[in-house]
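Residue numbers 76 to 561, in my numbering, belong to the letters of the sequence shown in order.
Note that beta-carbon positions come from the ideal geometry of N, C-alpha and C, so glycine has one too.
Take a look at the structure below.
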Amino acid sequence: MCKQHVCIVGAGPAGLLAAILLLRRNEHQTKYRVTLVDPGTDYGKLGEDGLHRNRSWMIGLSAHGLSAIRTVPSLYEDYIHGLGVDISCATIGISKSLKLTYDAKDFLPEDSSFTVDRNYICAALSRYLNENFEGDDAFTSHYHTRALYVDGERKCVVARPTNEEDIRIDYDILLGCDGIRSIVRNAFINNHRDFEFELKGTFSYGKSVHVPLPDGIEDGNFMFINNALPGWASFILPETGKMLNVALGTSLDKECPAELKSDDPKVVSEYFKKHFHAFDIDADEAGKQWVTQGWNTISQVHCNFYHSKKINALLLGDAAHATSPQIGQGMNTALADAAVLNALLDESKDNWEAVLPKFSEQRVKEGNALTDLSFYTFSLSPAMQVKLMFGQMLRRKLHFLLPSVFDNDPMDEVARGGKLSEAYHRMSELGIIQKVRLANDSVIRDHFERNVGMVRDSGKRSFTKKVVLYGLPIVCAVAFGMNKRA
76 MCKQHVCIVG AGPAGLLAAI LLLRRNEHQT KYRVTLVDPG TDYGKLGEDG
126 LHRNRSWMIG LSAHGLSAIR TVPSLYEDYI HGLGVDISCA TIGISKSLKL
176 TYDAKDFLPE DSSFTVDRNY ICAALSRYLN ENFEGDDAFT SHYHTRALYV
226 DGERKCVVAR PTNEEDIRID YDILLGCDGI RSIVRNAFIN NHRDFEFELK
276 GTFSYGKSVH VPLPDGIEDG NFMFINNALP GWASFILPET GKMLNVALGT
326 SLDKECPAEL KSDDPKVVSE YFKKHFHAFD IDADEAGKQW VTQGWNTISQ
376 VHCNFYHSKK INALLLGDAA HATSPQIGQG MNTALADAAV LNALLDESKD
426 NWEAVLPKFS EQRVKEGNAL TDLSFYTFSL SPAMQVKLMF GQMLRRKLHF
476 LLPSVFDNDP MDEVARGGKL SEAYHRMSEL GIIQKVRLAN DSVIRDHFER
526 NVGMVRDSGK RSFTKKVVLY GLPIVCAVAF GMNKRA
């Protein structure tokens with residue numbers, strides 16, 4: 076077999092694990108030469124202090140991601156284990172006075188889920204890669220190098236190292252693991268008239284703060300709190316070092332309180348003291364962090380296929396299916412992409428001609444299910460969201476009491492390693508996806524139309540005007556029908 080050159084654009088979880096798995100395929104015979112390109116820092120070469128300064132956001136690593144990592148012997152045991160905090164319980168806050176806590180053992184297999192900083196996972200994967208393959212002629216990394224565009228006709232990537240001349244990287248196979256603004260995905264657009272792609276926001280904005288674990292809160296307690304601040308929901312994840320990552324967000328159609336827009340930490344602190352009800356938060360620390368950061372927004376991506384035979388490329392991770400974090404499966408699905416690719420190479424004996432379309436066949440349904448489950452199982456309507464939360468609690472209780480009669484909640488099965496596409500199917504059967512899609516899309520469209528001036532409030536119409544506008548056509552239609560029958 077001829078050695079093939081694989082260029083991987085993007086050193087996130089999917090790109091790093093794909094590089095590891097490809098290089099491991101060289102164990103008995105050199106099949107692949109791998110080049111990794113990323114505009115950022117190699118987190119695997121940072122010390123503890125440097126990595127702490129580059130921390131990003133806490134995310135959940137659960138069954139799908141752990142299964143992918145465990146396909147590499149010792150990767151989990153020697154590099155990943157201990158980086159985060161095991162989930163011990165989950166608290167769902169429906170209102171200020173109604174909060175329910177579940178033992179993690181009731182919905183998660185043992186040692187199957189923990190929260191961890193995303194960049195810590197990248198650092199661990201990079202350390203494995205460097206310690207096992209740095210210096211190997213089959214592996215080259217270009218950090219601080221931004222990929223500019225893909226020339227699919229010549230099968231090359233043009234990239235720009237910091238403060239250096241542009242370089243050209245020829246490839247046989249191209250893996251686009253380069254996130255939401257993917258230049259590899261742009262090449263799909265340029266080369267395939269039938270490629271359908273959507274990039275849109277999640278209609279929300281927010282900030283997150285890191286605060287000490289307060290008294291009375293168990294380390295390892297994951298929380299979702301409805302109206303943690305008035306009109307603001309909060310995802311709260313445990314961090315290492317007895318800390319909590321408190322993410323707060325609201326929808327774009329809600330006016331942000333003046334206090335939360337203030338650049339005075341004391342003003343923000345007083346607002347937290349008055350309104351935050353999930354637990355006794357260190358409001359002064361929250362206020363200091365709040366005013367030092369900008370507003371965060373999140374985007375989601377949908378694609379109708381993830382492979383191109385024309386340019387010999389695949390899309391993995393956020394380049395294929397960026398998502399909102401509500402169900403905590405974004406990184407897990409990205410890692411699973413890399414593991415599925417490796418399994419397909421095993422199955423086809425490294426025949427990429429067969430692998431490319433099979434990858435789309437297996438992963439497009441999972442990627443699109445991921446993004447839609449994340450956005451259409453949480454409603455932008457507060458009243459509907461409360462109903463959804465009660466419905467989920469009822470399904471869990473009924474399954475606990477009569478497991479032979481009532482199925483488990485579909486979303487709980489995802490946490491246990493169930494397929495995202497199966498959860499989507501079952502949530503659709505329950506009618507949840509359709510109802511939330513209608514509600515969310517209506518809210519978003521209405522906001523857009525009003526925001527750009529397509530429609531506007533024209534004041535309250537008089538009773539007489541309403542009768543003329545709406546009643547008269549109905550009366551005329553009825554009269555016409557009666558006259559026709561006569």
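Within its own chain, the residues whose Cβ lies closer than 6 Å to the Cβ of Arg-235, once the five positions on either side in sequence are excluded, are Arg-221, Leu-223 and Asp-241, listed in chain order.
For Asn-483, same chain residues with a beta-carbon under 6 Å away, outside a window of 5 residues either side, are His-474 in chain order.
Within a 10 Å sphere around the beta-carbon of Ser-257 sit 16 or more other beta-carbons, which makes this residue buried. Close CB contacts of Gly-403 within its chain, under the 6 Å cut and outside five residues either way in sequence, are with Gly-135 (chain order). Excluding five sequence positions before and after Ser-449, the CB atoms of its chain that fall closer than 6 Å to its own CB belong to Thr-398, Ser-399, Gln-401 and Ile-402, given in chain order. Shortest Cα-Cα distance from Gly-493 to any of Phe-182, Phe-380 and Phe-453 involves Phe-182. Along the stretch 164–246, the beta strand (DSSP E) occurs as fully enclosed runs of 3 or more residues at 164–168, 174–178, 189–192, 214–217, 220–226, 231–236 and 242–245, listed in sequence order. Exclusion of the five residues before and after Arg-531 leaves Arg-525 as the residues of its chain whose Cβ lies within less than 8 Å of its Cβ. Counting the other CB atoms within 10 Å of its CB gives Gln-375 a total of 16 or more, which places it among the buried residues.
Of the candidates Thr-452, Thr-446 and Asn-387, the residue whose Cα lies closest to the Cα of Phe-434 is Asn-387.
Checking the DSSP bridge columns, you'll see Thr-110 partnered with Cys-82 and Thr-215. The residues Tyr-499 and Ile-508, in chain order, have a CB closer than 7 Å to that of Asp-447 in the same chain once the five nearest residues on each side in sequence are set aside. The C-beta distance from Gly-254 to Ala-394 rounds to 6 Å, short enough to fall under 8 Å.
Nearest to Tyr-107 by alpha-carbon distance, out of His-350, Asp-212 and Met-318, is Asp-212.
Under DSSP, the beta-bridge partners assigned to Leu-274 are Val-376. Linking Pro-184 to Arg-130 through their CA atoms gives a straight-line distance of about 28 Å. Between Phe-297 and Ile-162, the CB-CB gap stays under 8 Å. Note on geometry: alpha-carbon atoms of Ser-496 and Ser-326 lie some 27 Å from one another. Non-local beta-carbon contacts of Leu-175 in its own chain, meaning distances under 6 Å to residues more than five positions away in sequence, involve Ile-167 in chain order. Secondary structure at Pro-432: helix, using DSSP grouped into helix, strand and coil. The closest CA to that of Asn-194, considering only Met-406, Ala-414, Asp-412 and Val-480, is found on Met-406.
Nearest to Val-286 by C-alpha distance, out of Asn-265, His-103 and Lys-317, is Lys-317. Linking His-219 to Asp-113 through their CA atoms gives a straight-line distance of about 6 Å. Note: Glu-314 is bridge-paired with Met-318 in the DSSP secondary-structure output. The three-state secondary structure of Asp-161, taken from DSSP, is strand.
Look at Met-468 here: in three-state DSSP terms it is helix. Residue state for His-267 is assigned as coil, using DSSP reduced to three classes.
In this chain, the alpha helix (DSSP H) harbouring Ser-496 covers 495–504. Less than 8 Å divides the Cβ of Leu-249 from the Cβ of Val-259. Pairing Ala-179 with Lys-472, the inter-Cα distance amounts to about 15 Å. The closest CA to that of Val-284, considering only Gly-528, Gly-362 and Val-81, is found on Gly-362. By alpha-carbon distance to Leu-304, the top candidate from Val-343, Asp-339 and Lys-78 is Val-343. Under a 10 Å Cβ-count criterion, Gly-210 is classified as exposed, with fewer than 16 other Cβ atoms of the shown protein chains found around its own Cβ. Residue burial is scored here from C-beta neighbours: Asn-320 has at least 16 other C-beta atoms within 10 angstroms and is therefore classed as buried. The Cβ-Cβ distance between Leu-389 and Leu-420 does not fall below 8 Å. Per DSSP, Lys-510 is one residue of the alpha helix (DSSP H) stretching across 507–527.
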